[in-house]
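Residue numbers (our numbering), protein chains in the order written: chain A, 6 to 189; chain P, 3 to 531.
Input: a single structure, listed below in structure tokens.
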Amino acid sequence: MTKKKTNTKWFMEQVENEQSGLKGFIRMLGVRPESVDDIAQETFVIAYKKLTMFERGTNFGAWLRTIARNLVRNELRRQGRRRVLANDVAEFLLSRADEKSTHPSLEVEQAEQHKQQVSALRECLQKLPERSRRLVQQRYFEQLSLGVIAADEETNANNVSQILFRLRAALSDCIQKQLGNIGT
Amino acid sequence: MTNSKLKHDSLPWHLEQKSDLVQAKETVSFDQSMGRIVDGEPLPGDEQIVIQHLRSHPQCVQQVECHLAIDAMLFGEARCDSLAFVESVRVAIEAEETKSIFVRSVQEAIFGSTFGRSGLKCDVGDSGMQSKNWLGNSVSLALACSLLLASLIAGGIWNAAAIGEPVLVEVDRVDGTNAFAIGDKVNLKALVLPEGAVDLRLPSGVLLECQSPLMARFEHPMRLHLSQGRVDVDVGEEGVGFTVVTPVGEVVDLGTRFAVNASVDGEVRVAVLSGQVELRSQKVGTVSLIDGEAVRLSGTQGPQRLHSVEIRNHGIDHARKDSVIHSVSDNVELPKNRRFYGLVPCGMRDGVRAYRDRKAPRWEADPSEDFPEGLLGADLIQTFQTHRLQREFQLQFSISQPSRVYVFYDARYSPPNWLTQDFINTGIQIRSVGWSSTAFMTKGIEPDAWGKIAIPHDIWCRDLVHPGSVRLGPPVLSKQDLNTTSEYEGVKPSMYGIAVQPIAPPSQNIGKSAPESSRVKVLSVSVQQ
Chain A
6 MTKKKTNTKW FMEQVENEQS GLKGFIRMLG VRPESVDDIA QETFVIAYKK LTMFERGTNF
66 GAWLRTIARN LVRNELRRQG RRRVLANDVA EFLLSRADEK STHPSLEVEQ AEQHKQQVSA
126 LRECLQKLPE RSRRLVQQRY FEQLSLGVIA ADEETNANNV SQILFRLRAA LSDCIQKQLG
186 NIGT
Chain P
3 MTNSKLKHDS LPWHLEQKSD LVQAKETVSF DQSMGRIVDG EPLPGDEQIV IQHLRSHPQC
63 VQQVECHLAI DAMLFGEARC DSLAFVESVR VAIEAEETKS IFVRSVQEAI FGSTFGRSGL
123 KCDVGDSGMQ SKNWLGNSVS LALACSLLLA SLIAGGIWNA AAIGEPVLVE VDRVDGTNAF
183 AIGDKVNLKA LVLPEGAVDL RLPSGVLLEC QSPLMARFEH PMRLHLSQGR VDVDVGEEGV
243 GFTVVTPVGE VVDLGTRFAV NASVDGEVRV AVLSGQVELR SQKVGTVSLI DGEAVRLSGT
303 QGPQRLHSVE IRNHGIDHAR KDSVIHSVSD NVELPKNRRF YGLVPCGMRD GVRAYRDRKA
363 PRWEADPSED FPEGLLGADL IQTFQTHRLQ REFQLQFSIS QPSRVYVFYD ARYSPPNWLT
423 QDFINTGIQI RSVGWSSTAF MTKGIEPDAW GKIAIPHDIW CRDLVHPGSV RLGPPVLSKQ
483 DLNTTSEYEG VKPSMYGIAV QPIAPPSQNI GKSAPESSRV KVLSVSVQQ
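What follows is the structure, given as structure tokens:
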């Protein structure tokens, strides 16, 4: 196998391993959900083009996140249609991500935790009451807007947003408990 | 007097209480604003509230990150398309490689293989001036060629005929053309289809249903350039990442079945028949479309909702090929609404898919009954559930010849006035079958003897003796209707279904003879003029 093919094969393995965590990271920078895949793909394409600059053995995920941060930063500077919501909030989140990047141990911990968190999330979703599961189904699986969900539930969009907020908080607590149980 | 002495770092009790209340109110406001931002639907002022709170309580940024992280994981679980995403990255990388090779080959073609190296010899004497002129000219030439190259790449013409390889295709189906025969195996680079239709299967298992007039070209087995015409793509399991390139953008499959139609006026239409695609355009960036969504776009206009898409149904052998239904649309103008109505010519039969936004439910006869004869082979409009609760909802379509219009209305609920005024209840029912036991629309419905969960629908019909338009209202009861009913009515009926069957002029149609087959039930309805 030529060196180029070896590199490509290795790179695609990294894409498989890192794509879920990278998408979560990009979302945490305030990127719109419908644009997360787009920016993640751009990140990987740039990483491939600059692969000679990456030193094997160092943290590939951290390198990807640096590229992703720069892409999101460029997004904030764009004049036209942007793929982040609430620019000031995104700036805030971006500067926090920049701070974390100066602590490599934090980055490694984040990547390792992500897989455990996804697994814990699946367990926690099973424990949700019926109405909450239905909301998750409508919002995330059917991708219905708050207004449509509100009409179906005979309430208003603001209430739906608050219920989703509490639901996410509950899932976060549940995931922490699950991870705590795994650790003991 | 120490009891009354205040500590330096505490407020008077009443001020502390007020401070707690203010803080609690601020926290609620922050939570609400933050929640709306995470949900992607912030109200004016939400951003300021969140930023102000984060500046005074920087520890709360962890809360924001936590919500976004959960949100991302939930979206990730919902889409479950990691393989499709990996494949789309692979395709994107290959496209970049191909572009690089093309750029280098064009540069070499223009400047020769020594492009980039300065190896010019000049005479002594006025050599300095000559070399300056020569270098100046070569810089101008290089600039001109770079600009040309840039415009070629920007215009997508870098995918010119110089790039492309023949692809071995197998002909699966032929209709109305002598260009191919079923079973042919052909090395195809360019495909021009002036008449008829043909289905081609690629080595990856991707199935292309090509409809004339069509002009297309293969770049390689996973990439097709469509200049004109309609192609329905079914990628199966092996063809994830298959891309159709159109004059206004690329449609990248993410594990799906989709249709792309490029017209001579430069408009491109994309509909997702199952799964998901990404539409990539230089003008508008990337647009993701899911099952049941369709858009049209051009070089000058971004994606706009496409209200209806004709769904091919090759399994039906029917004398009538064209639909009598045209121009299906509704009055829902929500900005993110991209739902389309599926038009299935002659598609109505036992077991046909009922809705475009629900994969499972099918129209079926009651198990103890035969499928209504009058419905067989009718043109079907596959509606969707998404907007069924909007009280102002209106759906309209036009028909090109005298027809019987059928509406299948949820039998659990009293029908709305717009239905009872213009339509007749045939007294016969069909069912939408195959709902999940957790679907909220079927709450309270027990599985039938076959273990299926089904919603019964009354069949209403109306004859239109002239071509014209039909307007239908919402499946929910209006507030006025609710107030006039004698009992509380649930306002969540399932979306109705629609079918249209062309009929002979009324004088020939009344008193039609008994059905040819004893397997189906006749719908006997008096004709209203």
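Note that the Cβ used here is the ideal one computed from N, Cα and C, for glycine as well.
Note that the structure is predicted; figures quoted are calculated from it, not measured.
| Asked | Found |
| --- | --- |
| Assign D22(P) to one of three DSSP states: helix, strand, or coil. | helix |
| Can you grab the Cα-Cα spacing for the pair L137(P) / A192(P), in whole Å? | Low local confidence applies: a pLDDT of 38 at L137(P) is under 50, so the model's placement there is unreliable, with the coordinate-based value given in what follows. For L137(P) and A192(P), the distance between alpha carbons rounds to 43 Å. |
| Report the neighbours of T38(A) on chain P: residues whose CB is nearer than 8 Å to its CB, in chain order. | Per the sequence shown, residue 38(A) should be read as Pro rather than Thr. Result: G42, D73, A74 and F77. |
| Can you give me the C-alpha to C-alpha distance between Q181(A) and G277(P), rounded to a whole angstrom? | 33 Å |
| Along the chain, where does the alpha helix (DSSP H) containing A66(A) start, and where does it finish? | Correcting the residue type first, residue 66(A) is Gly in the shown sequence and not Ala. Note, G66(A): alpha helix (DSSP H), F65 to R82. |
| Should F45(A) be flagged as near chain P, meaning a C-beta pair shorter than 9 Å? | In the sequence under discussion, the amino acid at residue 45(A) is Ala, which differs from the Phe named in the question. It does; some Cβ of chain P falls within 9 Å. |
| Cα separation between S166(A) and E159(A)? | 14 Å |
| Tell me, please, whether the CB atom of Q50(P) is closer than 9 Å to any CB atom in chain A? | yes |
| Does the structure place the segment 394-406 of chain P close enough to the segment 428-440 of chain P that three or more beta carbon pairs sit under 8 Å? | no |
| Rounded to whole angstroms, what's the CA-CA distance from R222(P) to I447(P)? Just pull it up for me. | Just to set this straight, residue 222(P) is His in the shown sequence, not Arg. Going from the Cα of H222(P) to the Cα of I447(P) covers about 51 Å. |
| Would you mind reading off the limits of the alpha helix (DSSP H) that contains E135(A)? | E135 to V141 |
| Taking a cut of 8 Å between CB atoms, which residues from the segment 457-480 of chain P lie near chain A? | none |
| Whose C-alpha, out of E79(P), S471(P) and E172(P), is nearest the C-alpha of Q148(A)? | E79(P) |
| Pull out every residue of the segment 384-407 of chain P whose Cβ sits closer than 8 Å to any Cβ of chain A, in chain order. | T388, H389, L391 and Q392 |
| From what residue to what residue does the alpha helix (DSSP H) around W365(P) run? | No alpha helix (DSSP H) holds W365(P); the beta strand (DSSP E) holding it covers R364 to A367. |
| For the alpha helix (DSSP H) containing H55(P), list its first residue and its last residue. | D48 to S58 |
| According to the Cβ coordinates, are V297(P) and L281(P) closer than 9 Å? | yes |
| What does K28(A) touch in chain P if you count any residue whose Cβ is under 7 Å from its own? | A74 and G78 |
| State yes or no: is the beta carbon of E60(A) nearer than 9 Å to at least one beta carbon in chain P? | no |
| Using a Cβ cut-off of 7 Å, pull out every chain P residue sitting near R101(A), in sequence order please. | V63 |
| Enumerated in chain order, which unbroken segments of the beta strand (DSSP E) with a length of 3 residues or greater are wholly contained in the segment 290-345 of chain P? | 296-299, 310-312 and 327-332 |
| Given a threshold of 16 other Cβ atoms within 10 Å of its Cβ, counted over all protein chains shown, does R171(A) qualify as buried or as exposed? | exposed |
| Taking 9 Å as the threshold (beta carbon to beta carbon), is R38(P) in contact with chain A? | yes |
| Run the CB neighbour count on Q50(P), radius 10 Å, all protein chains shown included, and call it buried at 16 or more, exposed below. | exposed |
| Express the C-alpha separation of P417(P) and V393(P) in angstroms, rounding to a whole number. | Per the sequence shown, the amino acid found at residue 393(P) is Arg instead of Val. Distance between the alpha carbons of R393(P) and P417(P) is about 14 Å. |
| With a cut-off of 9 Å, does the C-beta of S84(P) fall near any C-beta of chain A? | yes |
| So what does DSSP say about M217(P), is it helix, strand or coil? | strand |
| So if I threshold CB-CB distances at 9 Å, which residues from the segment 257-289 of chain P count as touching chain A? | E280, R282, V286, G287, T288 and V289 |
| Along chain P, in chain order, which residues have C-beta atoms closer than 8 Å to that of R32(A)? | L70, A71, D73, A74 and F77 |
| Going by DSSP, which residues form a beta bridge with F410(P)? | I461(P) and G499(P) |
| Kindly provide the ranges of any alpha helix (DSSP H) runs that are 4 or more residues long and lie completely inside the segment 24-58 of chain A, ordered along the chain. | 38-54 |
| Rounded to a whole number of angstroms, what is the C-alpha to C-alpha distance between G499(P) and D157(A)? | 19 Å |
| So, at 7 Å on beta carbons, what are the nonlocal neighbours of R307(P) in its own chain, with the 5 sequence-adjacent residues on each side left out? | V297, N339 and R340 |
| So which residues on chain A does K338(P) lean against when the C-beta distance must stay under 8 Å? | S150 |
| Tell me the rounded alpha-carbon separation between E518(P) and E375(P). | Residue placement at E518(P) cannot be trusted, given a pLDDT of 36 that sits under 50; the coordinates are not used to answer. |
| Taking a Cβ distance cut-off of 8 Å, strictly less, list which residues of the segment 61-80 of chain A are near chain P, in chain order. | none |
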